[in-house]
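Visitor:
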Amino acid sequence: MIGVDTNILVRIFASDDEAQSRAAARFVDRAAEPIYVNLIVVLETLWTLKRAYRFDEDRLVVILRKLTEHPAIVCSHKNLMRDAAHRTKEEGGDVADNLIALMNGSAGCSTTYTFDRQAALGDGFTLLTA
Numbered sequence: 089m090i091g092v093d094t095n096i097l098v099r100i101f102a103s104d105d106e107a108q109s110r111a112a113a114r115f116v117d118r119a120a121e122p123i124y125v126n127l128i129v130v131l132e133t134l135w136t137l138k139r140a141y142r143f144d145e146d147r148l149v150v151i152l153r154k155l156t157e158h159p160a161i162v163c164s165h166k167n168l169m170r171d172a173a174h175r176t177k178e179e180g181g182d183v184a185d186n187l188i189a190l191m192n193g194s195a196g197c198s199t200t201y202t203f204d205r206q207a208a209l210g211d212g213f214t215l216l217t218a
């Protein structure tokens with residue numbers, strides 16, 4: 089198994105550098121070994137695509153699903169990633185926030201405290217006030 093860094097995934101999904109985007113896509117399509125994508129890389133990719141490239145939550149959900157369904161890619165926390173994509177599609181909210189709440193819930197947390205008012209509207213979060 090081999091791993092990839094965030095910039096490989098960003099090139100594939102943002103297609104902002106033609107040569108690197110082609111090289112990254114070709115690399116994934118022709119990989120001789122399974123490609124491991126850890127959760128940190130996924131979150132960093134989602135954040136970069138949202139902030140730098142202005143991808144909306146619907147596009148991020150599609151990307152998360154593509155990653156978890158690609159036959160050559162092995163994702164850490166695949167089920168949580170799928171659940172976060174489903175939750176975002178069905179209930180709204182931020183993909184990363186939904187993933188945080190689901191991960192913390194799976195670790196036994198009864199809630200996740202946050203100052204983020206939007207996140208606090210979702211299941212699994214409690215607003216902390218000053």
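Offset between the sequence shown (1-based) and the numbering used here: plus 88.
For each residue, glycine too, the CB sits at the ideal point set by N, CA and C.
1) Hey, would you say Val162 sits closer than 9 angstroms to Ala173, going by beta carbons?
2) Could you check the C-alpha separation between Ala119 and Val130 for me, to the nearest Å?
3) On the premise that Gly212 lies in contact with Leu190, defined as a C-beta separation below 8 angstroms, what is that separation, rounded to the nearest angstrom?
4) Since Val98 is in the alpha helix (DSSP H), which residue starts that stretch and which ends it?
5) Considering only residues of the same chain and omitting the five flanking positions on each side of Glu121, which have a CB-CB separation below 6 angstroms?
6) Which two residues bound the contiguous beta strand (DSSP E) that contains Leu215?
7) Which residues bound the alpha helix (DSSP H) around Thr202?
8) Using a Cβ-Cβ cut-off of 8 angstroms (strictly less than) and excluding sequence neighbours within five positions of Glu132, which residues of its own chain qualify?
9) Going straight from the alpha carbon of Arg170 to that of Asn192, what length do you get?
10) Gly91 bridges to which residues according to DSSP?
11) Taking the C-alpha atoms as reference points, what is the distance between Gly196 and Glu106?
12) By the DSSP assignment, the alpha helix (DSSP H) with Arg142 in it spans what residues?
Guide: Let me spell this out:
1) Position 74 of the sequence shown, counted from the first residue, corresponds to residue 162. Position 85 of the sequence shown, counted from the first residue, corresponds to residue 173. No; because the gap between Cβ atoms is not below 9 angstroms, this pair is not in contact.
2) For this step, residue 119 is matched to residue 31 along the sequence shown. For this step, residue 130 is matched to residue 42 along the sequence shown. Cα to Cα, Ala119 sits roughly 19 angstroms from Val130.
3) Working through the sequence shown from its first residue, we reach residue 190 at position 102. Working through the sequence shown from its first residue, we reach residue 212 at position 124. Rounded, the Cβ-Cβ distance is 7 angstroms, consistent with contact.
4) Here residue 98 is taken as the residue at index 10 of the sequence shown, counted from 1. Looking at the DSSP string, the run of the alpha helix (DSSP H) that includes Val98 is 94 to 102.
5) By one-based count along the sequence shown, residue 121 stands at place 33. Scanning its chain for C-beta atoms nearer than 6 angstroms, with the 5 sequence neighbours on each side dropped, one finds around Glu121 the residues Met89, Ile90, in chain order.
6) Position 127 of the sequence shown, counting from 1, holds the residue named residue 215. Leu215 -> beta strand (DSSP E) spans 213 to 215.
7) Within the sequence shown, numbered from 1, the residue matching residue 202 stands at position 114. That residue, Thr202, is in no alpha helix (DSSP H); its beta strand (DSSP E) goes 200 to 202.
8) One-based indexing of the sequence shown puts residue 132 at position 44. These residues qualify, in order along the chain: Thr94.
9) What you label residue 170 is simply residue 82 of the sequence shown in a count that begins at 1. What you label residue 192 is simply residue 104 of the sequence shown in a count that begins at 1. Distance between the alpha carbons of Arg170 and Asn192 is about 15 angstroms.
10) For the purposes of this step, residue 91 is taken as residue 3 along the sequence shown, with counting starting at 1. Under the DSSP definition of a beta bridge, Gly91 partners with Tyr124.
11) Within the sequence shown, residue 196 is the residue found at index 108, counting from 1. Within the sequence shown, residue 106 is the residue found at index 18, counting from 1. Note on geometry: alpha-carbon atoms of Gly196 and Glu106 lie some 44 angstroms from one another.
12) Here residue 142 is taken as the residue at index 54 of the sequence shown, counted from 1. For Arg142, no alpha helix (DSSP H) run applies, since DSSP gives it neither H nor E.
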